[in-house]
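Chemist:
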Amino acid sequence: SQTIHQWPATLVQPVGSPLSLECTVEGTSNPNLYWYRQAAGRGLQLLFYSVGIGQISSEVPQNLSASRPQDRQFILSSKKLLLSDSGFYLCAWSVSGGGYEQYFGPGTRLTVT
Amino acid sequence: EDKVVQSPLSLVVHEGDTVTLNCSYEVTNFRSLLWYKQEKKAPTFLFMLTSSGIEKKSGRLSSILDKKELFSILNITATQTGDSAIYLCAVEGAGKSTFGDGTTLTVKP
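What follows is the structure, encoded as structure tokens:
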């Protein structure tokens, strides 16, 4: 069966520090991968999605970046965090091809102080 | 720009009540509409709808899609306290998903 791992679960970082959140998927090949951010009381904002290794689409201009160095690994990064980067970050995967349900990781609660 | 609007934003009911959650959308190249339930952390998948007028049902939950009027509803009958959650509607189109802001449902005993 498929499993999605995401870490860390919580993170407190000062403004201006770097960020690296990692997500890995097991039990499937060539998944679509997604990074979302959820503000309190709001829906999910799509940040990045990837249909294959090295293929990243960015949905929102910001100081975040994403990389997919391996088929089932998706990394969200920042060189310098802003206060506005605080939020709940979710990684998800779906079967390739589009139009299918997504399966979410447990999320990372990021607080930038 | 793709858009998904959910209503109401929040709802408080008592156990045993029936609720209807709404989702309207404007999406380029529609492929599917999905409902998720989010309790503590990760959203979990409920339904995927692709065809108009065909009801999907799972226990006390059911959903239907109207592709002509561009909306979907999620019904929950005989609500229980365990139904308390945020219900998210998402639409897949042109290779990506657009989520609504969700409906926060609170079921009181």
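Residue numbers (the numbering used here), protein chains in the order written: chain A, 10 to 122; chain B, 255 to 363. Don't be surprised by glycine CBs; every beta carbon is placed ideally from N, CA and C.
#1: From the DSSP secondary-structure annotation, give me the bridge partner or partners of G61 of chain A.
#2: The region 31-55 of chain A: which residues have C-beta closer than 7 Å to a C-beta of chain B, in chain order?
#3: Looking at the strands, I want to know which residues DSSP matches up with T117 of chain A.
#4: Name the residues in the region 100-122 of chain A whose C-beta lies less than 8 Å from a C-beta of chain B; which are they?
#5: Within 9 Å (strictly less), CB to CB, does F83 of chain A reach chain B?
#6: Using only the alpha-carbon positions, how far apart do R118 of chain A and S351 of chain B sit?
#7: In terms of DSSP beta bridges, what is I327 of chain B paired with?
#8: Of all the residues that make up the region 283-315 of chain B, which are near chain A by a beta-carbon distance shorter than 7 Å?
#9: Determine the direct distance from the alpha carbon of W44 of chain A to that of G61 of chain A, and round the result to whole angstroms.
#10: Compute the Euclidean distance between the alpha carbons of L30 of chain A and C100 of chain A, then round it to the nearest angstrom.
#11: Tell me Q15 of chain A's beta-bridge partners as DSSP assigns them.
#12: In its own chain, which residues sit with a C-beta less than 8 Å from the C-beta of N39 of chain A, not counting the 5 before and 5 after it?
#13: With 16 other CB atoms within 10 Å as the buried threshold, where does V266 of chain B fall?
#14: What first and last residue would you give for the beta strand (DSSP E) that runs through V69 of chain A?
#15: Decide if T333 of chain B is buried, meaning its Cβ has at least 16 other Cβ atoms within 10 Å, or exposed.
#16: To be precise: take each residue of the region 345-359 of chain B, compare its Cβ to all Cβ atoms of chain A, and keep it if any distance is under 9 Å. Which residues remain?
#17: Would DSSP call T282 of chain B helix, strand or coil?
#18: Would you say L92 of chain A and L28 of chain A are within 9 Å of each other, going by their C-beta atoms?
#19: Closest to S86 of chain A by CA distance: which of A:G25, A:I13, A:S10, A:T122 is it?
#20: Looking only at its chain, what residues have a beta carbon closer than 8 Å to the beta carbon of G36 of chain A, apart from the 5 residues adjacent to it on each side?
#21: Would you kindly check if the distance between the Cβ of P115 of chain A and the Cβ of Q15 of chain A is under 9 Å?
#22: Among B:L359, B:S261, B:S316, B:D355, which has the Cα closest to the Cα of R46 of chain A?
#23: What would DSSP say about S306 of chain B, mapped onto helix, strand or coil?
Modeler: Let's see:
#1: Position 52 of the first sequence, counted from the first residue, corresponds to residue 61 of chain A. Bridge partners of G61 of chain A: A:Q64.
#2: R51, G52, L53, L55
#3: As a first step, residue 117 of chain A must be located in the first sequence, where it is residue number 108. Note: T117 of chain A sits in a beta bridge opposite A:Y98.
#4: G107, G108, Y109, E110, Q111, Y112, F113, G114, P115, G116
#5: Working through the first sequence from its first residue, we reach residue 83 of chain A at position 74. False, the Cβ-Cβ gap to chain B never drops below 9 Å.
#6: Residue mapping note: residue 118 of chain A aligns to position 109 of the first sequence, counting from 1. Residue mapping note: residue 351 of chain B aligns to position 97 of the second sequence, counting from 1. About 22 Å.
#7: Working through the second sequence from its first residue, we reach residue 327 of chain B at position 73. Answer is B:N276, B:I318.
#8: R285, S286, L288, K295, A296, P297, F299, M302
#9: To locate residue 61 of chain A, count along the first sequence from 1; it is residue 52. To locate residue 44 of chain A, count along the first sequence from 1; it is residue 35. Those two C-alpha atoms are separated by around 14 Å.
#10: For the purposes of this step, residue 30 of chain A is taken as the residue at position 21 of the first sequence. For the purposes of this step, residue 100 of chain A is taken as the residue at position 91 of the first sequence. Going by the C-alpha atoms only, they are around 9 Å apart.
#11: In the first sequence, counting from the first residue as 1, residue 15 of chain A sits at position 6. Its beta-bridge partners are A:C32.
#12: On the first sequence, position 30 is the one that residue 39 of chain A refers to. Taken in chain order, the residues that qualify are G61, D80, S105.
#13: Taking the first residue of the second sequence as 1, we reach residue 266 of chain B at position 12. It is exposed - the Cβ of V266 of chain B has fewer than 16 other Cβ atoms within 10 Å.
#14: Here the question's residue 69 of chain A lines up with position 60 in the first sequence. Careful: V69 of chain A lies outside any beta strand (DSSP E) and carries neither H nor E.
#15: By one-based count along the second sequence, residue 333 of chain B stands at place 79. So T333 of chain B counts as buried.
#16: E346, G347, A348, G349, K350, S351, T352, F353, G354, D355, G356, T358
#17: In the second sequence, residue 282 of chain B corresponds to position 28, counting from 1. Residue state, collapsed to three classes: coil.
#18: Your numbering for residue 92 of chain A matches position 83 in the first sequence. Your numbering for residue 28 of chain A matches position 19 in the first sequence. Result no, Cβ atoms of L92 of chain A and L28 of chain A do not sit closer than 9 Å.
#19: For this step, residue 86 of chain A is matched to residue 77 along the first sequence. Among A:G25, A:I13, A:S10, A:T122, the Cα nearest to that of S86 of chain A belongs to A:G25.
#20: Translated into the one-based positions of the first sequence, residue 36 of chain A becomes position 27. Cβ neighbours of G36 of chain A beyond the five flanking positions: S10, Q11, T12.
#21: Numbered from its first residue, the first sequence carries residue 15 of chain A at position 6. Numbered from its first residue, the first sequence carries residue 115 of chain A at position 106. Going by C-beta atoms, Q15 of chain A is nearer than 9 Å to P115 of chain A.
#22: Position 37 of the first sequence, counted from the start, is the residue given in the question as residue 46 of chain A. If we check each option's Cα against that of R46 of chain A, B:D355 comes out closest.
#23: The count along the second sequence starts at 1 and reaches residue 306 of chain B at position 52. DSSP places S306 of chain B in coil when its eight states are reduced to three.
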